[in-house]
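To keep things clear, I will list the structure first and then write my remarks on it.
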């Protein structure tokens, strides 16, 4: 998997091809999809169009995720992943992830998803939004270790303990919301100051900060020029002092807010399904 991935969360279906084409044109080959995003058929069509121009499937790294509504029944988790694989139409996917570690459900769902690797429908498994405790619970039963854990990580929400824990165990840390979806992190004074010194955009500074930590990053943009800008982060670096200044931006108040959101989301009560998508639509043709 590449250090940078393009995420398709909340990308309207009629804009998917433009976004994916921009990512491909910028050199991205890792694409982050999910049943929750309600656009996997369009994502698959865009990638198949690119492949039809003579490119190889082996150039791509494709991720999908199983949403919380499908974690209660292990068979439903497998079925959800199989539907995503079918909608993408790319053959085996490179990575299937459990989107959120719902208490009492995520372990049995993950164990069921291991069969997708054994059957060749997926090449690897991953986890998303897992705390160290969730991971330890999972690894008491898992036969196939997850290769990556994706969770929110940016200078205003630096989860140092999580990053250290997973890196120490050989699990790739992939940061999502590295730019807070264009939020306050881009306008805070230390980021702005480093941006001016480096001659780079605030977004590039924040992306580079995660890369300096050894993390992979998944970002999202609807704008081709910004996608290209976000990819151009490998020809400069941050000093140790600059990294430390960004590390110090996370406050206990922000940590508490993030913890509350994390607990609510993993319970499955605040976002039962993706935009416009209903479980009854997630079916395979007979």
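In full-length UniProt numbering, the protein residues as written are 1 to 286. We put the CB at the ideal spot given by N, CA and C, even for glycine.
As assigned by DSSP and simplified to three states, the class of residue i
i, result
"residue 154", "strand"
"residue 164", "helix"
"residue 14", "helix"
"residue 248", "coil"
"residue 149", "strand"
"residue 128", "strand"
"residue 176", "strand"
"residue 34", "coil"
"residue 142", "coil"
"residue 214", "coil"
"residue 268", "coil"
"residue 23", "helix"
"residue 8", "coil"
"residue 121", "coil"
Beta-carbon proximity of residue i to residue j, cut-off 7 Å
i, j, result
"residue 158", "residue 138", "no"
"residue 102", "residue 64", "no"
"residue 226", "residue 100", "no"
"residue 147", "residue 117", "no"
"residue 184", "residue 154", "no"
"residue 238", "residue 200", "no"
"residue 156", "residue 243", "no"
"residue 71", "residue 106", "yes"
"residue 89", "residue 120", "no"
"residue 224", "residue 22", "yes"
Cut-off 6 Å between Cβ atoms - residues of its own chain near residue i, not counting five sequence neighbours on either side
i, result
"residue 150", "128, 174 and 176"
"residue 245", "190"
"residue 204", "233"
"residue 46", "16, 17 and 20"
"residue 31", "6 and 62"
"residue 287", "An answer regarding residue 287 cannot be provided, because it is not within the stretch 1 to 286 covered by the chain."
"residue 35", "67, 80 and 84"
"residue 124", "95 and 147"
"residue 210", "175, 178 and 217"
"residue 212", "238 and 243"
Same chain only: Cβ atoms within 8 Å of residue i, ignoring 5 sequence neighbours per side
i, result
"residue 78", "112, 113, 115 and 116"
Sequence-distant residues of the same chain with beta carbon closer than 7 Å to residue i, five excluded per side
i, result
"residue 197", "none"
"residue 92", "120, 121, 122 and 123"
"residue 214", "167"
"residue 165", "132"
Would you call the region 26 to 34 and the region 221 to 233 touching, i.e. three or more CB-CB distances under 8 Å? yes
Go through the region 44 to 79 residue by residue and report every complete run of the beta strand (DSSP E) that reaches 3 residues or more, in order. 61 to 66
Pairs of beta-carbons, one from the region 100 to 117 and one from the region 129 to 138, closer than 8 Å: are there three or more? yes
Could you check whether the region 51 to 59 touches the region 96 to 106, counting it as contact only if at least three pairs of C-beta atoms, one from each stretch, sit closer than 8 Å? no
Pair every Cβ in the region 1 to 13 with every Cβ in the region 216 to 223, then say whether three or more of these pairs are closer than 8 Å. yes
Could I get the ranges of all uninterrupted alpha helix (DSSP H) runs contained in the region 74 to 114, with 4 residues as the minimum, in chain order? 74 to 88
Should the region 236 to 255 be regarded as contacting the region 185 to 197, the criterion being three or more beta carbon pairs within less than 8 Å? yes
Counting Cβ pairs, one atom from each stretch, are 3 or more of them under 8 Å apart for the region 83 to 93 and the region 35 to 42? yes
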